[in-house]
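In full-length UniProt numbering, the protein residues as written are 1 to 494.
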Ligand SMILES: Cc1cc2nc3c(=O)[nH]c(=O)nc-3n(C[C@H](O)[C@H](O)[C@H](O)COP(=O)(O)OP(=O)(O)OC[C@H]3O[C@@H](n4cnc5c(N)ncnc54)[C@H](O)[C@@H]3O)c2cc1C
């Protein structure tokens, strides 16, 4: 099986090389930059027609393949594949404004850093991801949590059009208009990940943005109580989270440094206005400066300074696991998550070299989910009344060596299930799983609107991919729960 997949992949790579020279790279090439998995070749199409021609060849040869934009998803194999073709979208870096500057067309192969800097020259912004080194493609296919969430909702709520290459190589352009013949696909693409086609362009609503207050602040261990008190106050009704201009991304970390475990607390926050001392963030800005280890918040002429200050945090040198877990904003829930994850890791992962454990508390606020609802919502199906004042949390270990991968994964899986059990006892657990922060084995699609959207997603997938080529040959981080047809059975039938 493995051998025959390799043979098919090699044949596909040779066919791609013959048809599209200078767009195919092999492991001995100096342009080879593949960190995970071992594809037979990397196909880097220059244009949408090239990608279309390449997809037809990959299909003809029955090869496995993967699609990569920014390459930041932490699920192993989400964007690369052993014995297959890895398609890199790095040449898709379109940046174009429409006539009245209300819509930006953005290629998936770029990072948010480039998009924000370009739009800032026009006094504009889009509601993309918070971390500047993360890719456009993955964020806009999975949801997108950004600095402007309170005013705009999810990133996908601002999408109004796409260009997509389908499983048979055909190219379609579509919009969110209900009259569009592909409006079903437009719904599925707002959170449905890579199950429907390869996106070569996103059209996203813009808005004006200039000055903002904020930055990254890291606090020492002594700040634990004021930090969580500030978080409680922020999330409470009438607190800072009710102000749509505010956004925070708080986290705690535990790291083994020089023979001892060190706790830190950090927050990336932003207030989208020229306000030097925004009331919405005062609980955080009032934490005593003696408790700040490093970093600071200030009023910036351009809001883009805030994401840019995080560029160093997106290092890919360490091995990383994200495990998504959603729970109520309640101090008891925060304590349960923190205790089980950190105490367990101290006991069980002491041997893991370079271990650092982060818990990210990403707020699902009332303005955020209301803004999404006002735009018609999306397939994630979150309801402002039920799901706001929650954290879309991440259990987020990083470590140095591949030999520890299993130990870290198994520990995190066990910790997450213990956390869920304890949270459920107190009615503090929320089954929602944010796909972009989920780990292998989690089932985000099952959790969207309690699984109510799964059948429609599968039906749409079947309509746009009747042969099941994308379903069965493209690497997915998470499947849609469809019946998996063994890859070998397709030989010669595609
Ligand atoms: C340091 C860090 C910070 C993060 N910060 C945020 C944040 O602020 N907000 C947020 O919402 N998320 C955030 N995330 C999560 C992020 O949204 C996901 O990791 C996302 O998948 C990254 O996109 P990418 O293009 O880099 O990913 P990739 O790994 O390239 O792709 C992810 C998945 O999408 C598919 N895909 C990518 N491009 C295409 C395409 N053009 N067509 C079809 N399928 C495609 C791939 O096949 C893959 O399965 C962060 C992640 C990290 C590691």
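Yeah, the Cβ is synthetic: ideal placement off N, Cα and C, and Gly gets one too.
Counting only runs of 3 or more residues that sit fully inside the region 203-270, the beta strand (DSSP E) segments are 212-219 and 246-257, in chain order.
No heavy atom of ligand 1 is found nearer than 7 Å to the CB of residue 205.
For residue 437, the shortest separation between its Cβ and any heavy atom of ligand 1 lies below 7 Å. Per DSSP, reduced to three states, the secondary structure at residue 370 is helical. Residue 46 carries a coil assignment under DSSP once its states are collapsed to helix, strand and coil.
In this model, residue 130 and residue 304 are separated by some 10 Å (Cα to Cα). Contact between the region 91-107 and the region 199-218 is present: three or more C-beta pairs spanning the two stretches fall below 8 Å. In this structure, the C-beta of residue 194 approaches ligand 1 to less than 7 Å from one of its heavy atoms. The way I'd put it, the region 170-186 doesn't touch the region 149-157; fewer than three beta-carbon pairs between them come closer than 8 Å. Sixteen is the threshold: when 16 or more other Cβ atoms of the shown chains lie within 10 Å of the Cβ of residue 83, as they do, the residue is buried. Put simply, the region 110-125 does not touch the region 227-240. Fewer than three CB pairs are less than 8 Å apart. Residue pairing by DSSP places residue 57 opposite no residue, since no beta bridge is assigned to it. Distance from the Cα of residue 160 is smallest, within the candidate group 331, 91 and 183, for 183. Between the alpha carbons of residue 168 and residue 267 lies a gap of roughly 45 Å. Annotated three-state conformation of residue 375 is coil, per DSSP. A Cβ-Cβ contact shorter than 8 Å links residue 448 with residue 379. In this structure the region 318-327 touches the region 383-402; the number of beta carbon pairs closer than 8 Å is three or more.
In this structure the region 338-352 touches the region 401-412; the number of beta carbon pairs closer than 8 Å is three or more. For residue 154, no beta strand (DSSP E) segment is defined, and its DSSP state is neither H nor E. Fewer than three Cβ pairs drawn from the region 360-370 and the region 469-480 lie within less than 8 Å of each other, which leaves the two stretches out of contact. When distances are taken from the beta-carbon of residue 441 to the heavy atoms of ligand 1, even the shortest one reaches 7 Å or more. Residue 131 has its CB nearer than 7 Å to a heavy atom of ligand 1. Taking 8 Å as the cut-off, the Cβ atoms of residue 126 and residue 95 do not count as close.
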